[in-house]
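Working notes, structure below.
Protein chains in written order, with my numbering: chain E, 1 to 441; chain P, 442 to 882.
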């Protein structure tokens with residue numbers, strides 16, 4: 001519901017959600033379709049969908065004029081039936097639809113969010129797309145991303161590689177944001193030397209909310225995929241809090257860093273690969289992008305018996321034994337600081353050393369990362385780090401914990417344990433940055 | 442070792458580490474004590490400790506002049522014997538020493554880091570301190586912070602409260618950085634309505650490295666504690682990458698966000714409480730600081746049978762049962778996005794719902810936070826969140842996972858299970874920010 005004042009005005013003019021309205025501010029007229037009020041925010045801000053597909057929010061002030069122009073049927077407004085006509089001369093882009101907020105709408109009745117039944121509906125919302133690429137939509141699944149497992153990663157990897165092998169110059173995968181960075185890491189490893197861009201995108205706010213990022217993210221991602229030149233798996237979402245550009249972030253260096261903000265995805269221990277603008281302008285960081293000449297190779301095996309655990313004050317080292325007994329093949333520890341865990345001899349119940357040693361001896365590959373996220377782990381600076389290294393735990397350089405987890409599952413699925421342990425420290429998909437010498441400050 | 446070129450110059454002039462040298466750059470002379478080269482960085486940068494206590498790095502270029510002024514005995518240089526004379530008119534500040542990098546030095550022989558045997562040595566390194574406060578040093582322990590458990594939190598809480606009850610206007614606690622934010626959260630809860638500032642500080646780089654932050658952090662923390670006006674538990678460390686100011690961050694809103702950078706500690710979901718400058722200037726954010734009039738209360742009980750676990754793709758929900766069987770009283774889940782875990786009915790082995798329900802029914806208090814760190818969890822936006830809430834899992838607002846973990850241990854130690862569950866969502870020490878309405882963007 002909008003504010004009482006606005007609802008009174010709407011009632012008087014018989015304006016309903018979905019109607020076309022004209023709003024006059026400072027003698028300037030704005031026309032568009034009245035959208036429902038976002039579930040939070042100032043109830044005096046009117047959300048209008050403009051003809052260019054964007055939503056804007058306009059604060060209503062006394063004396064401003066709102067007029068009804070024409071009535072829309074809610075169903076048509078929600079699910080437009082027209083087909084998009086695309087010029088054949090444009091590059092082919094495969095749009096793989098998996099679900100998530102970008103494919104969701106607010107249910108006007110309950111206020112909850114529901115998923116679109118047909119992914120094509122997404123395209124109808126963004127008429128600009130027909131001028132960018134020849135888009136072929138494939139509906140892989142309709143799931144929230146927290147429900148995605150390695151089995152869905154395998155489907156996406158295969159379908160993306162198939163598309164690139166079938167004349168698509170690039171691939172856009174619409175995906176929920178919760179675990180998008182786990183998927184982007186998985187695809188980075190599963191698809192070696194991608195023939196074209198594989199662009200994951202989504203929305204933090206559904207497409208019928210005034211502040212939705214769905215349209216711009218989809219447009220920028222399609223622009224990027226349609227060029228075909230950046231041969232990387234990555235995430236393309238809002239680069240800043242406002243609508244100026246999207247950031248394309250390497251799939252093995254991205255992390256969701258905010259629960260609700262539109263610029264939630266950040267490049268960690270890495271620069272962004274490119275800034276992408278809705279008009280198709282792309283500013284590429286040529287030094288960051290990997291040049292590919294070798295053949296694309298698909299390897300989709302994955303060992304799901306790998307766990308991601310944390311060490312912290314009073315944490316229980318026996319968790320390692322728990323996973324070992326369950327037949328787990330690998331563990332990634334999110335340690336503290338440079339990659340530490342409690343090893344104090346005065347608190348035996350919290351000393352991780354013996355558990356680590358036993359875990360490694362039982363045959364698990366154990367990797368150490370840092371819950372600081374930014375920066376590199378280093379087991380050589382302090383005595384505690386050296387003790388941990390002596391147990392056989394592998395220090396995972398500047399890999400994000402989540403990426404090290406996905407990588408270890410990938411390696412154990414496709415290689416022997418010995419090779420997996422060795423390859424954990426080899427840069428495969430840009431997930432490890434070479435050590436840089438830093439100056440005295 | 443410095444570069445070969447520099448080592449040759451040093452050898453020729455019989456200059457050794459610890460000697461006083463003069464370095465002439467552009468006709469400007471710089472005098473100071475030659476420090477060992479940091480363990481990484483440009484080997485052609487000479488590190489010199491100036492008479493004001495600061496270290497600087499100067500890049501050596503051909504033709505510059507380096508002269509030996511006088512020889513220092515290494516032992517004297519490492520452990521100066523002079524006593525600090527302090528004016529009695531200054532405010533009393535208690536300095537509680539616990540160890541960590543701030544109390545460490547590089548071992549010239551091995552390149553490793555070792556801890557100071559006497560915390561007083563720390564004071565000798567920073568002559569400025571005698572003009573700031575009347576400092577009483579208490580040596581609580583000499584430990585790396587990853588080895589600190591709730592038992593050390595209890596000691597620190599008691600000693601800090603004792604000091605404030607014994608005429609200290611403020612307390613400085615020197616602490617390792619790995620788990621400093623866990624300790625600051627614990628002290629925030631254990632010391633209700635602190636009578637004065639309780640300032641945790643440390644160093645990311647030891648005091649004999651050119652880029653050490655030890656001195657400035659110690660000076661700013663002492664300045665802050667000596668004023669006595671900000672009655673908060675917090676962390677005071679470098680606010681930026683350079684040496685312009687330190688940030689004072691609320692103890693329940695701080696997190697270490699970089700493994701090695703000097704400005705590693707960040708305020709998450711919160712503004713910093715104050716900017717602190719070495720000269721004693723303090724810019725307080727008056728709206729952020731809590732005004733205290735009630736009596737200081739110390740509650741140090743803590744229930745260590747609480748765990749912090751993560752949910753992520755392919756994650757094992759049976760981990761909840763593992764902790765339940767071990768007699769754990771509480772769990773904090775680091776979920777994805779707005780606070781989700783896998784609940785897909787098509788992947789039963791990864792569905793967390795039943796495990797959550799059983800965990801809650803077995804008597805554990807289970808809280809949900811987000812691995813995004815920034816932002817607030819919300820179980821009402823999506824169906825999956827509503828399903829998780831129905832199991833009895835408590836959505837922990839904008840609390841950091843680590844803070845929710847420490848808070849739950851504190852609550853279960855001092856209250857009944859029922860009260861602990863209720864109080865988890867009550868703001869006790871600034872750990873929960875009130876929900877703010879955000880505008881349509």
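Backbone N, C-alpha and C define an ideal beta-carbon position, used for all residues, glycine too.
Any Cβ of chain E closer than 9 Å to the Cβ of residue 854 of chain P would place that residue at the interface, and such an atom is absent.
Spatial neighbours of residue 280 of chain E in its own chain (CB-CB distance under 6 Å, excluding positions within 5 residues in sequence) are listed in chain order as 223. Taking all protein chains shown into account, residue 850 of chain P has 16 or more neighbouring C-beta atoms within 10 Å of its C-beta and is therefore buried. Using a Cβ-Cβ distance cut-off of 8 Å, the stretch 731-742 of chain P and the stretch 756-767 of chain P are not in contact, since fewer than three pairs of beta carbons, one from each stretch, lie closer than that value. Using beta-carbon distances, residue 799 of chain P does not count as an interface residue toward chain E, since no partner is under 9 Å. Classified as exposed, residue 346 of chain E has fewer than 16 neighbouring CB atoms from the shown chains inside 10 Å of its CB. Within chain E, the residues 256, 257, 258, 259, 264 have their CB atoms less than 8 Å from the CB of residue 813 of chain P, given in chain order. Residue 319 of chain E has a beta carbon lying within less than 9 Å of a beta carbon in chain P. Within the stretch 287-357 of chain E, the alpha helix (DSSP H) runs of at least 4 residues that lie entirely inside it are, in chain order, 319-325.
Residue 90 of chain E carries a coil assignment under DSSP once its states are collapsed to helix, strand and coil. In the DSSP secondary-structure assignment, residue 267 of chain E is bridged to E:254.
Residue environment: residue 449 of chain P is assigned as exposed (fewer than 16 neighbouring CB atoms within 10 Å of its CB, all protein chains considered). With its beta carbon less than 9 Å from one in chain E, residue 623 of chain P belongs to the interface. Here residue 544 of chain P is not near residue 589 of chain P, since their CB atoms are 9 Å or more apart.
Nearest CB-CB separation between residue 751 of chain P and chain E: below the 9 Å threshold.
For residue 322 of chain E, the chain P residues whose C-beta falls within less than 7 Å of its own C-beta are 763, listed in chain order. Per DSSP, reduced to three states, the secondary structure at residue 375 of chain E is coil, with no helix or strand assignment. For residue 174 of chain E, there are no C-beta contacts with chain P under 9 Å, since the nearest C-beta of that chain is about 16 Å from it. Contacts with chain P (Cβ-Cβ distance below 7 Å) from the stretch 345-356 of chain E involve 347, 350, listed in chain order. Closest by C-alpha distance to residue 621 of chain P, out of E:396, E:312, E:432, E:374, is E:312. Shown here, residue 97 of chain E sits in a strand according to DSSP, grouped into three states. In terms of CA proximity to residue 774 of chain P, P:846 leads the group P:820, P:846, P:717. Close partners of residue 781 of chain P in chain E (Cβ separation under 8 Å): 144, 146, 178. The three-state secondary structure of residue 181 of chain E, taken from DSSP, is helix.
Contact between residue 779 of chain P and residue 221 of chain E does not hold, since the beta-carbon distance rounds to 22 Å and is not under 8 Å.
For residue 671 of chain P, there is no enclosing alpha helix (DSSP H), as DSSP marks it with neither H nor E. Straight-line spacing of the CA atoms in residue 418 of chain E and residue 217 of chain E works out to 41 Å. Per the DSSP secondary-structure output, residue 174 of chain E pairs in a beta bridge with E:97, E:201. Counting along the chain, residue 124 of chain E sits inside the alpha helix (DSSP H) bounded by residues 120-125.
Counting C-beta atoms within 10 angstroms of its own C-beta, residue 510 of chain P has fewer than 16 neighbours from the protein chains shown and is therefore classed as exposed.
Counting C-beta atoms within 10 angstroms of its own C-beta, residue 50 of chain E has fewer than 16 neighbours from the protein chains shown and is therefore classed as exposed. The three-state secondary structure of residue 20 of chain E, taken from DSSP, is strand. The residue from E:25, E:29, E:35 with its alpha-carbon nearest to that of residue 10 of chain E is E:35.
Residue 565 of chain P and residue 585 of chain P have their C-alpha atoms roughly 22 Å apart.
For residue 62 of chain E, the number of other beta carbons within 10 angstroms of its own is below 16, and it is reported as exposed. Between the stretch 860-868 of chain P and the stretch 823-832 of chain P there are fewer than three C-beta pairs closer than 8 Å, too few to call the two in contact.
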